[in-house]
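Here is the structure we will look at, set down as structure tokens.
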Amino acid sequence: MKIESIDLFYFALPKVRDIADGSQDSFVVRVRSDTGLEGFGESDSSPLVAFACYCTPTSHSNIVPLQQILAGQTVDSPDDIRRIYDHARRRALDMAHLPHAYAAADIALWDLLGKHLDQPIYRLLGYDRQHAKRAYGSYLFGDTPDETRDRAAVAVRDGFTAVKFGWGPMGKVDEEFDIDLVRQARAGLGGDVALMVDAGTPWQYDDDTALQRARGFEPFGVTWLEEPLAPDAVAAYGRLSSASPIPVAAGEGCDTVRAAEDLLEHGGVHFLQIDSGRIGGITPTMHTVRLAAQHGATFVNHTFKSHILLAAMMHTFAGEQQASWLEYCGSGSPLIEAMVDTPIKVDSAGFVSLPEGPGLGIKVNLRRAGEFARHIDIRIDRKSIGTTADP
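Residue numbers (this note's numbering): 2 to 392.
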């Protein structure tokens with residue numbers, strides 16, 4: 002099976018707000034083969050920047066456009082996808098945005114191969130079966146503690162048995178305000194719903210302040226404190242992880258396997274949260290799943306995009322029984338569900354399972370999201386070098 006075309010898509014809401022909500026736009030890749038099959042993937046990236054990586058002119062032997070790298074490649078087995086991944090990393094070695102941009106193509110290749118072999122991706126990855134994951138609704142903190150309490154109550158009514166609040170005003174006012182945000186989140190959830198706190202990197206390299214907050218949050222039964230520090234504050238994470246009364250989570254900022262390994266080896270994080278849409282796709286994510294298990298950490302997905310990326314992430318740890326948590330975006334963005342015919346739903350007990358179809362297991366229908374499609378035409382010397390496809 003040979004790759005015949007690589008089609009690129011850019012979707013965005015009419016108004017993108019300056020908030021920590023990645024579900025407001027999307028970069029999607031469709032890979033078509035000579036068999037008539039097609040696979041889809043999504044990146045967690047700036048769509049325009051990712052798009053440029055596919056059509057940029059060659060700079061030298063280590064910066065080659067991704068469309069050129071992928072065109073004509075043969076895909077008949079998982080080893081082929083791994084070979085293409087290694088080839089892309091070599092040919093685009095000096096393209097800094099490569100992991101984010103290539104992620105969509107890697108996911109699309111796994112989707113394509115699953116359809117070709119009539120197998121769900123998780124079986125191609127070596128899992129015999131999938132284990133349902135407990136979904137935690139992922140929300141931004143409200144602008145005030147009272148608004149956060151109200152959002153928590155809505156999340157409970159929506160059936161979540163676990164909820165995470167993050168970013169927003171956390172770390173931007175003072176300690177009393179931060180603690181009150183968590184206090185009111187717990188008040189809105191009640192005592193039986195798990196609560197996670199995503200600080201949103203406010204304290205950068207200051208692990209002393211992060212530890213002080215962790216102690217302040219402890220009375221409210223917090224499952225983990227996520228991203229209190231900068232993604233590369235590895236030494237600070239090591240000090241915090243060893244002293245914090247709350248387990249520490251991090252990893253969404255990792256765009257290499259080595260960065261994830263560093264967080265485990267020297268940062269000591271208890272929960273490793275990787276985003277396939279940032280680290281380069283399903284292929285490198287599988288390395289981090291194994292690394293987390295080797296270091297005694299729990300793997301958790303980071304997903305704040307559409308159900309294309311949600312499905313891709315679920316496949317990477319579907320067979321890991323101990324990795325039982327699933328981030329489930331609660332932003333309400335119409336892009337979340339619009340790009341698939343049947344969205345992935347949380348069941349009445351608060352759990353999520355993958356559809357058992359081939360590939361991603363979902364049917365992508367970009368026409369449903371057509372009203373959000375944006376057109377890109379990159380020109381050099383007035384000559385087009387790349388355009389988006391029509392949904």
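Positions of the beta carbon are idealized from the N, C-alpha and C atoms, including for glycine.
For residue 71, same chain residues with a beta-carbon under 8 Å away, outside a window of 5 residues either side, are 4, 7, 32, 85, 89 and 106 in chain order.
Ranked by Cα distance from residue 130, the first of 318, 373 and 382 is 318. Going by DSSP, residue 128 is part of no beta strand (DSSP E) at all; its letter is neither H nor E.
When DSSP states are grouped into helix, strand and coil, residue 111 belongs to the helix group. Residue 204 has its alpha-carbon roughly 43 Å from the corresponding atom of residue 114.
In this structure, the CA atom of residue 267 is about 28 Å from the CA atom of residue 102.
In the DSSP assignment, the residues bridged to residue 64 are 61. Note on geometry: alpha-carbon atoms of residue 198 and residue 50 lie some 30 Å from one another. Under DSSP, residue 13 takes part in a beta bridge, and its partners are 26.
For residue 254 and residue 193, the gap between their C-alpha atoms comes out near 30 Å. Exposed is the label assigned to residue 350, since fewer than 16 other Cβ atoms lie within 10 Å of its Cβ. Non-local beta-carbon contacts of residue 117 in its own chain, meaning distances under 7 Å to residues more than five positions away in sequence, involve 2, 36 and 38 in chain order.
Between residue 355 and residue 315, the C-beta gap is smaller than 7 Å, which places the two residues in contact. Bounds of the alpha helix (DSSP H) holding residue 210 are 208-218. Across the structure, residue 136 and residue 162 are spaced so that their CA atoms are roughly 8 Å apart.
Straight across, the Cα-Cα distance linking residue 127 with residue 75 is about 21 Å.
Look at residue 322 here: in three-state DSSP terms it is coil, with no helix or strand label.
Shown here, residue 284 sits in a helix according to DSSP, grouped into three states. In the three-state reduction of the DSSP assignment, residue 80 falls in the helix class. For residue 274, the enclosing beta strand (DSSP E) covers residues 272-275.
Residue 120 is positioned such that its CB atom lies no closer than 7 Å to that of residue 149. Distance from the Cα of residue 230 is smallest, within the candidate group 214, 224, 222 and 219, for 214.
Pairing residue 227 with residue 238, the inter-Cα distance amounts to about 11 Å. Each of 365, 325, 280 and 352 was checked against the Cα of residue 338, and the nearest Cα belongs to 365. In chain order, 43, 278 and 304 place their CB closer than 6 Å to the CB of residue 310, counting only its own chain and leaving out the 5 sequence neighbours on each side. Under the three-state reduction of DSSP output, residue 258 falls in the helix class. With a cutoff of 7 Å on beta-carbon distance, residue 223 and residue 109 are scored as not near each other. The bridge partners DSSP lists for residue 121 are 360.
The beta carbon of residue 370 lies closer than 7 Å to those of 12, 336, 339, 340 and 392 in the same chain, with the five residues before and after it left out. Taken in chain order, the whole beta strand (DSSP E) runs of length 3 or more contained in the segment 287-322 are 299-302. In this structure, residue 220 sits away from residue 181, with a CB-CB distance that is not shorter than 7 Å. For residue 83, the CB contacts under 7 Å within the same chain, skipping 5 residues up- and downstream, are 284 in chain order.
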